[in-house]
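Each remark here refers to the structure printed beneath this line.
Residue numbers (my numbering), protein chains in the order written: chain A, 17 to 342; chain B, 17 to 342.
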């Protein structure tokens with residue numbers, strides 16, 4: 017079995033070799049592609065493909081192509097999302113559309129999606145059809161999730177269940193699909209594939225809620241980014257959706273008024289909204305929901321018909337993702 | 017053997033049934049997808065997939081998924097190209113980004129590309145790997161061609177060979193790949209696949225040059241669009257590239273000056289540039305080049321190891337595309 021660090025090394029090495037051993041022309045198209053891919057991120061999704069495979073097989077070579085496909089696809093979505101959100105920074109660097117313009121960002125993103133499928137096509141032929149089905153379903157759902165997110169931000173009223181459905185599509189299904197693709201490559205049966213998918217899906221939901229939680233209730237000294245950014249931008253997070261849902265009318269009006277008011281006093285806005293969240297016990301409610309999804313994910317993993325010691329690294333990763341403080 | 021009209025009917029019917037028999041949600045994502053797909057266009061690419069298959073096999077059912085994949089991919093490229101070119105009309109209707117905004121146009125385009133791969137994945141499993149390889153290569157080349165086109169329009173000096181390479185990538189490789197995919201599905205050997213690919217590639221080059229030719233030298237009464245639009249927009253066509261290449265310095269200066277001058281007199285600009293083209297025999301040189309590529313394409317078709325009568329419809333289509341006057 018390979019550790020998370022060993023899998024990460026495999027992914028980085030294969031990505032570098034791919035760039036070095038091929039000619040990419042024209043540079044205007046491909047420079048933004050590799051700029052996007054080389055970001056020093058966590059590479060969770062490709063690691064999940066390889067861990068899913070490694071659960072069933074000791075040799076992970078046959079999973080590398082799918083792992084890179086999922087990673088490249090994920091980075092393509094970030095690139096296009098950054099245009100749609102008009103974000104100027106990602107991972108402390110200018111976004112592609114800020115650095116090279118919107119047209120280049122659109123086209124380079126398109127090329128990345130095709131590159132993802134090129135990698136997928138390098139998978140063992142006997143698994144290609146199944147891999148395509150799992151991957152395509154998730155890829156389309158990611159687009160659907162992004163559209164729901166756009167709809168929400170454009171002002172439609174959002175309930176907890178709508179929010180959870182949105183993050184299921186936008187974030188979780190790709191984590192789930194990554195694990196299932198690993199299972200497909202490891203010749204797992206349908207039941208094990210589904211349990212791994214649901215392990216990933218629930219983990220993804222917990223992961224996204226942890227993101228929402230940390231942005232308001234994280235510890236500034238370890239979080240890295242500014243605490244309260246979601247509050248400042250009125251982002252529809254689990255915290256806000258839940259607060260709007262459970263608050264009495266006077267509190268809800270106070271919250272909405274504070275969101276609309278733009279007096280430039282950022283610290284005060286963060287303080288006031290956080291105070292409302294505290295009065296409503298939003299932190300506890302969020303933590304509770306995270307534990308719920310975390311437990312669901314562990315239940316599904318426990319049902320996978322593989323010796324417990326083979327699951328150790330996946331449990332470790334799940335623990336890391338849920339208990340992280342940045 | 018099925019006629020072009022019969023194949024067209026198969027394509028339209030399958031596309032309609034696909035829309036009717038599936039739920040597409042959210043509407044904000046999928047309405048622009050079907051708006052783009054239902055345009056009453058020529059459907060050349062999917063017809064070519066089915067004709068390529070029909071050359072070798074009487075039953076074309078196994079080619080429908082690939083045919084739709086190619087058509088959906090082509091329409092995705094038009095959707096994203098329209099954003100990049102900031103075009104407001106396509107086929108006498110508002111473009112998606114004018115009708116729904118740039119963000120929707122980006123995201124719906126992304127969803128279309130994934131839908132294309134979903135169709136591809138419905139192809140017979142034994143051919144899937146080969147189909148993916150042919151399709152992915154062409155798809156990536158289309159992006160490369162679009163980037164070269166952007167580079168050209170941004171001002172780099174363009175020679176005839178650069179222009180031909182650009183249209184090879186941007187237009188021809190997908191027509192070629194469509195035919196090769198049909199051949200793959202028809203169990204054709206590698207040599208026949210390559211000859212069909214090159215038949216399509218040369219046909220595509222001739223087709224694009226015919227486009228350039230008609231925009232300036234077409235007959236207004238049948239052309240449909242305004243004659244001279246490429247001249248008005250200073251578009252880098254084969255005509256312009258060739259004229260800049262072969263003209264003596266004084267003529268070249270006159271041409272460049274007329275391109276830069278923006279006195280609002282459109283009719284006069286078209287007249288003057290056309291006159292320069294006529295002095296340089298650009299129409300004849302373009303026709304010559306079209307005949308050259310047309311002949312190349314016929315040579316490759318003649319080498320395909322199939323009875324001549326099976327090639328009749330492909331020859332008819334090639335003839336139609338080259339001799340068309342609109």
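Yeah, the Cβ is synthetic: ideal placement off N, Cα and C, and Gly gets one too.
Every value quoted in this text rests on a predicted model; they were computed, and no experiment measured them.
### Residue-level contact to chain B via CB, residue 203/A, 8 angstroms cutoff
no
### Length of the line joining the Cα atoms of residue 289/B and residue 170/A
Taking the straight line joining both Cα atoms gives about 49 angstroms.
### Task
Answer yes or no: do residue 183/B and residue 221/B have a C-beta to C-beta separation smaller than 8 angstroms?
yes
### Task
Go ahead and pull the three-state DSSP assignment for residue 106/A.
strand
### Message
Tell me which residues of the region 28 to 59 of chain B have at least one Cβ-Cβ distance to chain A shorter than 8 angstroms, keeping chain order.
### Response
Answer set for the region 28 to 59 of chain B: 41, 42, 44 and 45.
### Message
My output table needs one value for residue 54/A: the three-state DSSP class, helix, strand or coil.
### Response
coil
### Query
In chain A, which residues lie less than 9 angstroms from residue 141/B when you measure between Cβ atoms?
141, 142, 144 and 145
### Message
If contacts are defined as beta-carbon pairs under 8 angstroms, then residue 189/A and residue 157/A qualify, I think. What distance do you get, rounded to the angstrom?
### Response
About 5 angstroms separates the Cβ atoms of residue 189/A and residue 157/A, confirming a contact at the 8 angstroms cut-off.
### Task
Tell whether a beta-carbon distance below 8 angstroms holds between residue 42/B and residue 120/B.
no
### Query
Is it buried or exposed for residue 59/A, if we count other Cβ within 10 angstroms and need 16 for buried?
buried
### Message
Short of 6 angstroms in beta carbon distance, which residues of its chain neighbour residue 342/A, apart from the five on each side in sequence? Order them along the chain.
### Response
238, 239 and 240
### Backbone secondary structure at residue 152/B - three-state DSSP
helix
### C-alpha gap between residue 303/B and residue 293/B, whole angstroms
Roughly 13 angstroms between the two C-alpha positions.
### Task
Would you check if there are 3 or more beta carbon pairs closer than 8 angstroms linking the region 314 to 322 of chain B to the region 240 to 255 of chain B?
no
### Task
Give me the Cα-Cα distance between residue 230/B and residue 245/B, rounded to the nearest whole angstrom.
10 angstroms
#### Entry: Secondary structure of residue 302/A, DSSP reduced to three states
helix
### Query
Is residue 217/A helix, strand or coil by DSSP?
Here residue 217/A carries a helix assignment [DSSP, helix/strand/coil].
### Task
Output yes or no for whether 8 angstroms exceeds the beta carbon distance between residue 90/A and residue 61/A.
yes
#### Entry: Neighbour flag for residue 122/A against chain B, beta carbons, 8 angstroms
yes
### Query
residue 75/B: buried (16+ other C-beta within 10 angstroms of its C-beta) or exposed?
exposed
### Message
List, in chain order, every chain A residue whose beta-carbon is nearer than 7 angstroms to that of residue 99/B.
### Response
122
### Task
Have a look at residue 87/B and residue 340/A and give me their C-alpha separation to the nearest angstrom.
46 angstroms
### Task
Inspect the beta-carbon positions of residue 65/B and residue 146/B and report whether they are closer than 8 angstroms.
no
### Query
In chain order, which alpha helix (DSSP H) runs of at least 4 residues are fully inside the region 199 to 260 of chain A?
206 to 233, 236 to 239 and 245 to 248
### Query
Does the beta-carbon distance from residue 68/A to residue 161/A come in below 8 angstroms?
no
### Query
Cβ of residue 164/B less than 8 angstroms from any chain A Cβ?
yes
### Query
Leaving out five residues before and five after residue 113/B in sequence, what residues of the same chain have Cβ atoms less than 7 angstroms from its Cβ?
Around residue 113/B: 98, 99 and 121.
### residue 368/B to residue 93/B span [Cα, whole Å]
Coverage of chain B is limited to positions 17 through 342, which leaves residue 368/B absent and any answer about it impossible.
### Query
Would you report the Cα separation of residue 291/A and residue 196/A, rounded to the nearest angstrom?
Rounded to the nearest angstrom, the gap between the Cα atoms of residue 291/A and residue 196/A is 41 angstroms.
### Query
Ordered along the chain, which non-local residues of its own chain (more than five positions away) have a Cβ less than 7 angstroms from that of residue 70/B?
17, 18 and 76
### Task
May I have the straight-line CA-CA distance separating residue 329/B from residue 30/B, to the nearest angstrom?
21 angstroms
### Query
When DSSP labels each residue in this structure, what does residue 123/A get in the three-state scheme?
helix
### Query
What's the call for residue 85/B, buried or exposed, on a 16-neighbour Cβ count within 10 Å?
buried
### Task
Following the continuous alpha helix (DSSP H) through residue 61/B, name the residue where it begins and the one where it ends.
60 to 70
#### Entry: Close-in-space but distant-in-sequence residues of the same chain around residue 73/A (CB under 7 angstroms, 5 per side omitted)
202
### Message
Is there a C-beta anywhere in chain A that falls below 8 angstroms from the one on residue 160/B?
### Response
yes
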